[in-house]
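Shown next, in structure tokens, is the structure this report addresses.
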Amino acid sequence: MAASSRGFTAPVGAKLDVSPSAYYYCRNNGGFVEFRRKKRKLISNIKCCCSDSAMPINSGNGVDKSGGGEDWRFDAKKISANYMRIQASSSMPFPSPQSRFVSKPEKFFSRCIPRNSGPQSRDSPPKRDTGIANEKDWGISLLNDNVNETGKNEDGSTWYRESGEDLGDNGYRCRWTRMGGQSNDGTLEWKETWWEKSDWTGYKELGVEKSGKNAEGDSWWETWREVLHQDEWSNLARIERSAQKQAKSGTENAGWYENWWEKYDAKGWTEKGAHKYGRLNEQSWWEKWGEHYDGRGSVLKWTDKWAETELGTKWGDKWEEKFFAGIGSRQGETWHVSPSCERWSRTWGEEHFGNGKVHKYGKSTTGESWDIVVDEGTYYEAEPHHGWADVVGDSTQLLSIQPRERPPGVFPNMDFGPSVPPEDELPPTSSQ
């Protein structure tokens with residue numbers, strides 16, 4: 001991304017001053033606010049983007065995949081039932097009526113960590129499809145002093161709590177707190193780590209990692225991070241947030257994994273996405289989606305999800321849309337493969353010309369097809385629902401991290417990598 005005279009630009013070694021008060025001022029007044037260099041602080045123009053547009057469009061929101069043929073003339077009852085069963089399972093760690101995964105850790109924590117006996121973990125199995133939690137929801141509270149404590153409860157369970165500070169080159173500092181506990185027989189266990197990091201380049205990071213297991217063999221792990229840094233190509237301030245979480249059943253062949261990420265810069269460039277995977281005995285499913293806003297009105301969104309059984313049945317759905325200034329396109333495919341390798345698919349597309357005319361076309365392997373031009377309005381989100389101003393407002397604890405004092409005459413060692421920026425990663429074109 002090329003640097004801009006209206007962007008947040010800084011020479012090598014400049015200190016990023018991103019105090020919450022400056023961002024709130026920008027957010028409340030909108031537009032560009034200019035801050036000039038004073039002493040060793042450097043703040044340049046920051047563009048705050050905020051929109052009332054909706055979150056990602058799914059494949060059924062305003063998209064006519066059948067091109068006017070809503071009656072799907074193929075045997076899709078079993079496919080639809082299976083697919084809906086997968087989607088409905090997203091609210092549970094393991095979509096099984098026999099699953100006792102949620103209740104066991106609660107019993108463990110209340111029994112293993114009695115009140116007023118050492119640290120009490122707030123850990124619990126992560127929930128599916130919850131995205132990236134805000135920092136205020138994590139309740140990160142780092143201890144100021146070095147602590148190394150252990151203890152034993154009346155029922156034989158043990159706990160520990162420790163904290164410290166690690167220092168390194170380039171002004172690196174990491175403050176951390178760890179705590180955990182386990183039952184007397186070791187079958188029940190929980191761990192939790194919090195940290196904040198900073199260095200002389202203006203880099204700041206806040207993070208959490210949690211894990212646990214119970215007597216049935218159910219286990220879970222999750223981590224959350226948010227980072228503030230200066231983009232190496234555009235010199236813009238950037239905030240990146242990510243979350244990974246997974247859970248595994250100890251009583252059946254079931255589990256799930258999710259990876260979420262969000263990236264923002266001070267001029268409105270935004271990227272969001274998620275990769276998900278799950279399994280319940282003989283059935284597995286995947287989902288990927290992404291959004292990319294360039295901050296100037298261009299947007300790309302895509303979704304790809306599919307599932308399969310051990311018997312060989314596969315089915316899925318995917319779509320993509322690209323728009324700029326009211327002109328763009330949508331296209332997608334719904335497909336199914338039987339155990340005998342018989343394949344059915346329906347493909348569809350839309351071309352929006354920006355003048356109220358939309359070209360709709362599509363076909364399926366059963367012989368249906370359509371190719372029409374209709375008078376229809378074009379709707380899409382040119383800006384993210386949650387943009388730069390919003391994420392800055394949500395990141396007060398990250399912005400408040402205090403780095404080490406830099407000695408006079410000492411400058412950061414900044415490695416900008418290769419001379420040519422890497423190409424943007426393209427979304428997958430096929431999942432079959």
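Residue numbers for the sequence shown follow UniProt numbering, so the first one is 1 and each next one is one higher. Yeah, the Cβ is synthetic: ideal placement off N, Cα and C, and Gly gets one too.
Cβ pair residue i, residue j closer than 9 Å
{"i": "Q246", "j": "P412", "result": "no"}
{"i": "T366", "j": "W344", "result": "yes"}
{"i": "R173", "j": "S163", "result": "no"}
{"i": "G204", "j": "L399", "result": "According to the sequence as given, residue 204 is Lys; it is not Gly. Contact flag set, yes."}
{"i": "T270", "j": "K263", "result": "yes"}
{"i": "E351", "j": "S369", "result": "no"}
{"i": "D218", "j": "N184", "result": "no"}
{"i": "W195", "j": "G207", "result": "yes"}
{"i": "R128", "j": "W289", "result": "no"}
{"i": "W260", "j": "W286", "result": "no"}
{"i": "K314", "j": "V337", "result": "yes"}
{"i": "P408", "j": "E291", "result": "no"}
{"i": "T193", "j": "W221", "result": "no"}
{"i": "T347", "j": "E320", "result": "no"}
{"i": "I140", "j": "Q397", "result": "yes"}
{"i": "G171", "j": "D137", "result": "no"}
{"i": "G268", "j": "G295", "result": "yes"}
{"i": "E282", "j": "T309", "result": "yes"}
{"i": "L228", "j": "S395", "result": "yes"}
{"i": "A382", "j": "S249", "result": "no"}
{"i": "G202", "j": "Q182", "result": "no"}
{"i": "A215", "j": "L236", "result": "no"}
{"i": "E232", "j": "T223", "result": "no"}
{"i": "E376", "j": "K357", "result": "yes"}
{"i": "P339", "j": "L311", "result": "yes"}
{"i": "T378", "j": "F323", "result": "yes"}
{"i": "W159", "j": "G180", "result": "yes"}
{"i": "Q331", "j": "G354", "result": "no"}
Residue i (DSSP reduced to helix, strand or coil)
{"i": "Q397", "result": "helix"}
{"i": "K272", "result": "strand"}
{"i": "A261", "result": "Just to set this straight, residue 261 is Trp in the shown sequence, not Ala. The answer is strand: DSSP assigns W261 an E or B state."}
{"i": "W233", "result": "coil"}
{"i": "E135", "result": "helix"}
{"i": "S66", "result": "Because the pLDDT of S66 is 37, which lies under 50, any placement of that residue in the model is unreliable, and the number read from its coordinates should be weighed accordingly. Looking at S66 - three-state DSSP - the assignment turns out to be coil, as it is neither helix nor strand."}
{"i": "A247", "result": "strand"}
{"i": "A266", "result": "coil"}
{"i": "R406", "result": "coil"}
{"i": "Y83", "result": "Residue confidence is low: Y83 scores 36 on pLDDT, short of 50, so the model does not pin down where it sits. Its coordinate-derived value is still stated next. Looking at Y83 - three-state DSSP - the assignment turns out to be helix."}
{"i": "P412", "result": "coil"}
{"i": "S103", "result": "In this predicted model, S103 has a pLDDT of only 36, less than 50, meaning its place in the structure is not dependable; the value taken from the coordinates is given anyway. Correct three-state label for S103: helix."}
{"i": "S96", "result": "For S96, the pLDDT reaches just 35, beneath the cut-off of 50, and the residue's location in the model is therefore unreliable, although a value from the coordinates is still provided. The answer is coil: DSSP assigns S96 none of H, G, I, E or B."}
Paired residues, beta bridge with residue i - DSSP
{"i": "K213", "result": "E189, S219"}
{"i": "L228", "result": "K204, I239"}
{"i": "F374", "result": "Position check: residue 374 holds Val in this sequence, whereas Phe was assumed. Paired residues: V358."}
{"i": "H336", "result": "W315, W344"}
{"i": "E351", "result": "S329, H359"}
{"i": "F323", "result": "V299, G328"}
{"i": "A254", "result": "L280"}
{"i": "E308", "result": "S284, K314"}
### Query
Unbroken beta strand (DSSP E) runs of length 3 or more, entirely within the region 276-306: which are they?
283-293, all fully within the region 276-306.
### Message
As an exercise, report each continuous beta strand (DSSP E) stretch of at least 3 residues that is fully enclosed by the region 138-207, in chain order.
### Response
Runs found: 147-152, 158-167, 173-182, 189-198.
### Message
Under 8 Å: do the region 242-258 and the region 141-161 share three or more Cβ pairs, one atom per stretch?
### Response
The way I'd put it, the region 242-258 doesn't touch the region 141-161; fewer than three beta-carbon pairs between them come closer than 8 Å.
### Message
Is it the case that the region 357-365 contacts the region 271-290, given that we only count it when at least three CB pairs across the two stretches are under 8 Å?
### Response
The region 271-290 is not in contact with the region 357-365.
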